[in-house]
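Worksheet: the structure to be examined is printed underneath.
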Amino acid sequence: MNPNEIDIHKELKKYFGFSQFKGLQEQVIKTLLRKENTFVIMPTGGGKSLCYQLPALIQEGTAIVVSPLIALMKNQVDAIRSLSSENGIAHVLNSSLTKTEITQVKKDITSGLTKLLYVAPESLTKEDYVNFLKNVTISFVAIDEAHCISEWGHDFRPEYRNLKHIIKQLGDVPIIGLTATATPKVQEDILKNLDMTDATTFKASFNRPNLYYEVRTKTKNIESDIIRFIKQHKGKSGIIYCLSRKKVEAIAEVLQVNGISAVPYHAGLDAKTRAKHQDMFLMEDVDVVVATIAFGMGIDKPDVRFVIHHDIPKSLESYYQETGRAGRDGGEGHCLAYYSYKDVEKLEKFLSGKPVAEQEIGFALLQEVVAYAETSMSRRKFLLHYFGEEFDDVNGEGADMDDNVRNPKAKVEAKEQVVK
Ligand code: ADP
Ligand code: MG
1 MNPNEIDIHK
11 ELKKYFGFSQ
21 FKGLQEQVIK
31 TLLRKENTFV
41 IMPTGGGKSL
51 CYQLPALIQE
61 GTAIVVSPLI
71 ALMKNQVDAI
81 RSLSSENGIA
91 HVLNSSLTKT
101 EITQVKKDIT
111 SGLTKLLYVA
121 PESLTKEDYV
131 NFLKNVTISF
141 VAIDEAHCIS
151 EWGHDFRPEY
161 RNLKHIIKQL
171 GDVPIIGLTA
181 TATPKVQEDI
191 LKNLDMTDAT
201 TFKASFNRPN
211 LYYEVRTKTK
221 NIESDIIRFI
231 KQHKGKSGII
241 YCLSRKKVEA
251 IAEVLQVNGI
261 SAVPYHAGLD
271 AKTRAKHQDM
281 FLMEDVDVVV
291 ATIAFGMGID
301 KPDVRFVIHH
311 DIPKSLESYY
321 QETGRAGRDG
331 GEGHCLAYYS
341 YKDVEKLEKF
351 LSGKPVAEQE
361 IGFALLQEVV
371 AYAETSMSRR
381 KFLLHYFGEE
391 FDDVNGEGAD
401 MDDNVRNPKA
411 KVEAKEQVVK
């Protein structure tokens, strides 16, 4: 079909039931339908999946979608199947399939039934799969979570590095890369590694005007400080991130003892307990989940009212992702981080046991966190600048939503001098 003849609004309504595109979706889709390489940078929840799902559904051939997590792929396949009467419209290709299942997948692709084929990057290295895909019609390749290709991202997957080599074997197919990781360094890595510096890039703003950013100095009274904070937000949902499992357990217990309904969450708990605690939080049987960074991926609770960092995060990227879980519904979201230089030294010590290249990146990322914690400028401006975005800290949306803007440091000091 000629892309100019497709009424994509009609198709959007038909497949997804939405009457409007969100943000940059329409431009992205039009670009991809013109067979151009496309690069999409949008915050989590921005609606990136639809940018490749809709073009896949309305074009001839099969779109290959590379995604790092089997659970995410399964969710998406189920969602796409629910839009159609044909199960074969979407498939996952991975190592867990039986021979019979693989035969069925191949049959559905060859017959033109399958519009979306989700694959893990490691499956794409299998010669048998690549040889098969070389001989069928591929509409385009989508690389979701494309930051996994970069060591500067928060989730480096070495297998992503082979993707370009494999895609080249499939012939001249357009690529769409998508990520919520906005730092210029990561973006550059993605374009270079996928060999698509010619790509048309679409970048949405990362500003979250309803989030309030605050940094407090970490003292030995941190626990009572946190308890006071939570009691001021009585009955509200919140997440507290800690660096270690031990700390998670300790803080959860302290909160419980003080009458706050809280559960721990970390990778050391068995899968059943983790699922139970996550559900309790989602169903509002508890107010607070105390967690390591193992918690949060794919969690979509719209009314999280605060995210507290008991320990500083390892990068500003992680900080943005973790605090981004607050205020998804556009309502209040208080992001409070406790900062002490001792914690920085702890993280540095931890890094010094790692390979040299990883160490250097780790130190550099950490320095940015330190600069953020110690800055006296608008925290929002600082964060957005880190993501390559200029923010007007006078008139921009959410300009007064941080501690530095509300209580400028210079003034506080001046007042202290007067008091003395
Ligand atoms: P991302 O991958 O960018 O984090 P998703 O693709 O998971 O975001 O989409 C986030 C949510 O936005 C989903 O619930 C999706 O159904 C919804 N969504 C996407 N596009 C639209 C649209 N045009 N209109 C309304 N809702 C949309
Ligand atoms: Mg996504």
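Mapping to UniProt numbering: the sequence shown position 271 is 271, numbers consecutive. The beta-carbon is built from N, C-alpha and C at its ideal position, and this holds for glycine as well.
If you compare the alpha carbons of K35, G327, F21 with that of S49, the shortest gap goes to F21. Ranked by Cα distance from W152, the options K346, F206, S315, L163 are led by S315. Leaving aside the five residues that flank A56 on each side, the residues in its chain whose CB is nearer than 7 angstroms to its CB run, in chain order, A63, K115, L116, S139. In the DSSP assignment, A63 falls within the unbroken beta strand (DSSP E) covering 62-66. At least one heavy atom of ligand 2 sits closer than 8 angstroms to the Cβ of A180. Within the same chain, and ignoring the five residues on either side of Y129 in sequence, the residues whose Cβ sits closer than 8 angstroms to its Cβ are L93, V119, S123.
Contact between the stretch 293-307 and the stretch 231-240 is present: three or more C-beta pairs spanning the two stretches fall below 8 angstroms. The residues I239, Q321, E322, R325, in chain order, have a CB closer than 8 angstroms to that of G296 in the same chain once the five nearest residues on each side in sequence are set aside.
Relative to the non-hydrogen atoms of ligand 1, the Cβ of M283 never comes closer than 8 angstroms to any of them. Under the DSSP assignment, F387 falls outside any alpha helix (DSSP H); it carries neither an H nor an E label. In this structure, DSSP gives P264 an extended state, which the three-state scheme calls strand. Minimum Cα-Cα distance from F132 among the listed residues T103, K35, V40 corresponds to T103. For G177, the three-state secondary structure derived from DSSP is strand.
Beta-bridge analysis with DSSP links H91 to L117. Under the Cβ criterion (8 angstroms, minimum of three pairs), the stretch 306-314 counts as touching the stretch 335-344. H266 and I149 have their C-alpha atoms spaced approximately 26 angstroms apart. Distance from the C-beta of D329 to the nearest heavy atom of ligand 2 is not below 8 angstroms. Between the stretch 178-185 and the stretch 385-394 there are three or more inter-stretch CB-CB distances shorter than 8 angstroms, so the stretches are counted as touching. For V28, the enclosing alpha helix (DSSP H) covers residues 25-33. With respect to the 9 angstroms criterion, L178 and A142 are classified as neighbours on the basis of their beta carbons. In the structure shown, the three-state DSSP call for L282 is helix. D144 sits away from L255, with the two beta carbons spaced by 9 angstroms or more. I166 and M196 have their C-alpha atoms roughly 14 angstroms apart. Membership of V215 in the beta strand (DSSP E) is indicated by the continuous run 211-217. CA-CA distance, N395 to E101, rounds to 57 angstroms.
When the beta-carbon positions are compared, Q53 and S67 stay at least 9 angstroms from each other.
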